[in-house]
Structures are given as C-alpha cells and as structure tokens.
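Trainee:
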Amino acid sequence: MTRIVLLFVLFSLNYHSRADLIADTCKKSEFPDLCNSTLRSDPRSAKADAKGLALIMLEVALTKASTTFNQVKKLLSKTTEPVLKECLSLCAHLYESIIQEIPKAIQNVGSNNNEAIHQGDLAITDADTCEGIFNEEPNKRKSPFTANNIAVQHLVGIAEDILASLS
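In mature numbering (1 follows the signal peptide of the UniProt record, and there is no 0), the protein residues as written are -19 to -1, 1 to 148.
1) In angstroms with no decimal places, state the Cα-to-Cα distance between S148 and A31.
2) Thinking C-alpha only, which one of S78, Q134 and L69 is nearest K123?
3) Leaving out five residues before and five after A145 in sequence, what residues of the same chain have Cβ atoms less than 7 angstroms from its Cβ?
4) Pull up the distance between the alpha-carbon of T6 and that of I143, whole angstroms please.
5) Verify whether the separation of the beta carbon atoms of D133 and A86 is less than 9 angstroms.
6) Closer than 6 angstroms by C-beta to I139: which residues in its own chain qualify, once you throw out the five before and the five after it? Chain order, please.
7) With DSSP run on the structure shown, which of helix, strand or coil describes R25?
8) L20 and I83 look like a contact to me (Cβ under 8 angstroms); what is the Cβ gap, rounded to whole Å?
9) Assuming contact is defined by CB atoms lying nearer than 9 angstroms, are F50 and E77 in contact in what I supplied?
10) Would you report the Cα separation of N95 and S18, rounded to the nearest angstrom?
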C-alpha cells in the first residue's frame, strides 16, 4: 500500500512540475492564454521541456499555416474578381514562404535559436503582409483570413518568446 501511495505522490509531483513549466513558460509570453490553451491541448506537452514546448508551438503554427495556405488556394481557384485574385495570389505566395520558413525554424530549435527566431520573424512578417494586402487603397476590403493570419503570427510569436528565454 505504501508503494502505491508513493507512486501516486511521485506521479502527482511530476505532473504538477510539468503543469508549472507550462504556466511559467506561458506567463512570460505575449499571449499567455493562447499559449496555455495550445500547450495544454497537446498531450506531448506533458513530457516536454521548454525546448519541446517551443517545438510544439511551431508545429501547431505550421499546421495553421498549411490550413490557411489551402484555404487561400481554394478561394483563389473560385474567384473571378481581378483585384481579389491578385490579393489571393500574393497571399498564396506568402503562405508558400511561411510553410517553408516554419520548418527551418523547427530545424534550428536547440542548435541555433537565433536562426529559429529569425525564420519565425520572416513567417510573422509574411502573415502580416498577407493581412495588409487587403487593407491597401484603392481596393480596400476585409481580409477573409484575418483570424488565421493573427493565429499564425501569435503562435510563432509564442514560440519565439520561449526560444528567447532559452538563450
């Protein structure tokens, strides 16, 4: 019976320390709520160190960027309006870059965090540029990808915050 109680206590302490790592990591982030909800919803976070949490965040960002890229391409194939088609073509090109930049960031996590952050910055800038394309005059319109652009920027930004804390 004592062994069972001891195992339970050790398991609880390990779980608590991992939960504390997520809480401590996320409270240093610019977007703590998104950080917490994203990491707590991914079962890999339970066993991850800070580097692992950064990797998880980048992988989630890559999934969101890939989904957005597919949505842009789908809308692009359906639209006939020339101005919208141009905006979507530019966003498609930008998201094509993003889904190359995030894997480069992932590759550099742990070995060259500064390069990982640089690649993340490129992805954030590209998502921001996609959003801004729709706000340019004279054909200003609401971006159909605002939520996705913001999500990609914030997820990558959280990963960068984690990586910066490791340096």
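Ideal placement from N, C-alpha and C gives every residue a C-beta, glycine not left out.
Note that the structure is a prediction, hence the values are computed from the model and not measured.
Mentor: From the atom records:
1) Approximately 11 angstroms between the Cα atoms of the pair.
2) Of the residues S78, Q134 and L69, the one whose Cα lies closest to the Cα of K123 is L69.
3) Result list for A145: I98, in chain order.
4) Near 7 angstroms, if we compare the C-alpha coordinates of I143 and T6.
5) According to the sequence provided, residue 133 is Val. The question's Asp does not apply to it. Inclusion of V133 and A86 in the CB contact set at 9 angstroms is not warranted, their separation being larger than that value.
6) So the list reads S10, F12, C16 and M38, once near-sequence residues are dropped.
7) Residue state, collapsed to three classes: helix.
8) Not quite, the Cβ-Cβ distance comes to about 17 angstroms (not below 8 angstroms), so this is no contact.
9) Yes; because the gap between Cβ atoms is below 9 angstroms, this pair is in contact.
10) It is roughly 26 angstroms from the alpha-carbon of N95 to the alpha-carbon of S18.
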